[in-house]
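S.K.:
Chains as they are written, first to last, in the working numbering: chain E, 1 to 274; chain Z, 1001 to 1274.
(1) What is the DSSP secondary structure of residue 1029(Z), reduced to helix, strand or coil?
(2) Which value, in whole angstroms, describes the spacing of the CA atoms of residue 182(E) and residue 172(E)?
(3) Of the residues that make up the stretch 124-144 of chain E, which ones have a beta carbon closer than 9 Å to any beta carbon in chain Z?
(4) Hey, quick one: how far does the alpha helix (DSSP H) through residue 50(E) stretch, first residue to last?
(5) Along chain Z, which residues have their Cβ under 7 Å away from the Cβ of residue 19(E)?
(6) When the Cα atoms are used, what is the spatial distance from residue 243(E) to residue 1197(Z)?
(7) Please give me, in chain order, every unbroken run of the alpha helix (DSSP H) with length at least 4 that falls completely inside the stretch 1191-1241 of chain Z.
(8) Once DSSP output is grouped into helix, strand and coil, what is the label at residue 1134(Z)?
(9) Where residue 74(E) and residue 22(E) are concerned, what is the direct C-alpha to C-alpha distance, given to the nearest angstrom?
(10) Anything in the stretch 110-123 of chain E with a Cβ closer than 7 Å to a Cβ of chain Z? List those residues in chain order, please.
(11) For the 8 Å Cβ check, are there 3 or more pairs between the stretch 1250-1260 of chain Z and the stretch 1211-1224 of chain Z?
(12) Could you check which residue in 1232(Z), 1265(Z) and 1264(Z) has the C-alpha nearest to that of residue 1249(Z)?
(13) Within 8 Å, do at least three Cβ pairs link the stretch 1105-1121 of chain Z to the stretch 108-128 of chain E?
(14) How many angstroms separate the CA atom of residue 1158(Z) from the CA atom of residue 153(E)?
(15) Just checking my contact of residue 1003(Z) with residue 122(E) at CB under 8 Å: how many whole Å lie between their CB atoms?
(16) Quick check: is the beta carbon of residue 160(E) nearer than 8 Å to any beta carbon in chain Z?
(17) Excluding five sequence neighbours on each side, which residues of the same chain lie with their C-beta closer than 7 Å to the C-beta of residue 1185(Z)?
(18) Taking the Cβ atom as the reference point for each residue, do residue 240(E) and residue 191(E) lie within a distance shorter than 8 Å?
(19) Please classify residue 1132(Z) as buried or exposed, where buried requires at least 16 neighbouring CB atoms within 10 angstroms.
(20) Just confirm the distance between the C-beta atoms of residue 189(E) and residue 169(E), as a whole number of angstroms; I'd bet it's less than 8 Å.
(21) Out of 1014(Z), 1265(Z) and 1270(Z), point me to the one whose CA is closest to residue 1125(Z)'s CA.
(22) Looking only at its chain, what residues have a beta carbon closer than 6 Å to the beta carbon of residue 1009(Z), apart from the 5 residues adjacent to it on each side?
(23) Determine, for residue 1204(Z), whether the minimum Cβ-Cβ distance to residues of chain E falls below 8 Å.
(24) Between the C-alpha atoms of residue 230(E) and residue 95(E), what's the straight-line distance to the nearest angstrom?
(25) At the 8 Å Cβ level, is residue 1261(Z) part of the contact set with chain E, yes or no?
(26) Who are the Cβ neighbours of residue 135(E) in its own chain at under 6 Å, not counting the five residues just before and after it?
(27) Looking only at C-alpha atoms, which of 33(E), 187(E) and 140(E) sits nearest to residue 65(E)?
(28) Under three-state DSSP, which class holds residue 1011(Z)?
(29) Looking at residue 55(E): is its Cβ nearer than 8 Å to the Cβ of residue 49(E)?
(30) Please list, in chain order, the chain E residues whose beta carbon lies closer than 8 Å to that of residue 1032(Z).
(31) Excluding the five sequence neighbours on either side, which residues of its own chain have a C-beta within less than 7 Å of the C-beta of residue 1098(Z), listed in chain order?
(32) Taking residue 1272(Z) as the reference, which of 1080(Z), 1251(Z), 1238(Z) and 1060(Z) has the closest Cα?
(33) Check for me: the beta strand (DSSP E) holding residue 110(E) runs from which residue to which?
(34) Apart from the five residues just before and just after residue 217(E), which ones in its own chain have a Cβ nearer than 8 Å to its Cβ?
(35) Does DSSP put residue 255(E) in a helix, a strand or coil?
(36) Terminal residues of the continuous alpha helix (DSSP H) containing residue 1162(Z)?
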């Protein structure tokens, strides 16, 4: 039989493809990767079960990464599916799981869907002009990495746009709960466009102090995107300084630092001025 | 009312999302962008009309690019949709059409889907390690551009993967038919992985003769992809020399020239050896 990896798209239950929905309905078992991005919103187990009219089994990170055999179990005699937000090969490749299935001679089929990696084209910047994608991590008082800055700088050097995926903190434990072994988790936290812009500005300040030539400054025009593909999607084209003060609303947020822009790209971006 | 841009995904009628299908059913008029990639396959007007249970109006390139008002006409009082293979902002941004709608104060909604730009992750290479995407054009005897070589070389320099979209020739007229003004079109032609590999090898031969240091050679391992997302999808990981002799079957083909590969990426690629 077949192990299906099914993309759920950008976050609404109806974003699954017709093909994906048909497979979900016929599978013996359907798992849901429950640690990624937006499950805390509309796309939770209860909503999905109601929409599919069937049981869905939540699989947290430990299960997907370390106990993959429990997901694959029975796939030699029955169809089994794992649901993944976005595309199954978007931010995480699920290569481990696919390799494990192949080792067990279980055929793997992928049902693709939109992911933030291609949906960002909606701001008007051409997808093929993007360079490497970076992840901007949420700074703490004592941990303020800057490695993504150098990647943005490299893309700016070669005139490419940079998609910045913004950090998500889910299933974090307080130090006390962790020490006491209590599985109580803090509310999920999401890096916002404003916070990310502030971090980027702090980095250039530090670099300037060291006498470095900087890849951008507070007047550099950037793109903030929130809830891409949702009814209340918001796109803003503003200077980095402005972005640091703009409330883009509920998560998920992403950001683009454009490289060289073409006239048609600019025409579209200009429609997103605050 | 609303103008909808709806992605059809990778080429099967069932690749539309549930949300997209619901919108198609309620719209007053549904146009189909009929000049892109794979419409000549399963995704033609007749199949779509049967699947949707409604009329679909074909819009060729001239209509979409120069007569967009005929598509937008009535969208101030009725819901109108344009169906697009892949994602509406994949290879073509449809920015012109979106701008035109905005000028007319027509709300635009995008229903995203998978496109080759994100679906290529299925070979195991991480999407965020890709650099600029290139298009490889089909050479003729007298027209053999090499500009994509320099982009691949730049990506290889910075250790990034390069997705190569392979040329499609549809609605071409013979010189005679064109001169006589006869709208008779030659059969569609699609650049194959083998042909693309041969062109890439010819380019490095020419560069070597000029004494240039080359970005790859015939032993460089590359990825060929055919019919991504289809039941008979084929992925091959082989040297460029081998790829030049491999028959990947029916179109569409794409190719990836990897940059620096990580162990997990290699593990996945190795499963696609011929």
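By construction, the Cβ of each residue, glycine as well, lies at the ideal position given by its N, Cα and C atoms.
Since we're looking at a predicted model, the values are computed, not measured.
M.R.: Taking the definition as stated:
(1) strand
(2) 12 Å
(3) 124, 125, 126, 127, 128, 129, 130, 131, 132, 133, 134 and 135
(4) 45-52
(5) 1012, 1014 and 1015
(6) 45 Å
(7) 1193-1209
(8) strand
(9) 20 Å
(10) 110, 112, 113, 114, 115, 117, 118, 119, 121 and 122
(11) yes
(12) 1232(Z)
(13) yes
(14) 13 Å
(15) Actually they are not in contact, since the Cβ atoms of residue 1003(Z) and residue 122(E) sit about 14 Å apart, beyond 8 Å.
(16) yes
(17) 1171, 1172 and 1173
(18) no
(19) buried
(20) 4 Å
(21) 1265(Z)
(22) 1015, 1113 and 1114
(23) no
(24) 28 Å
(25) no
(26) 165
(27) 33(E)
(28) coil
(29) yes
(30) Here the premise fails: no neighbours, minimum Cβ distance about 17 Å.
(31) 1108
(32) 1238(Z)
(33) 108-111
(34) 204 and 240
(35) strand
(36) Note, residue 1162(Z): premise wrong, no alpha helix (DSSP H); beta strand (DSSP E) at 1162-1166.
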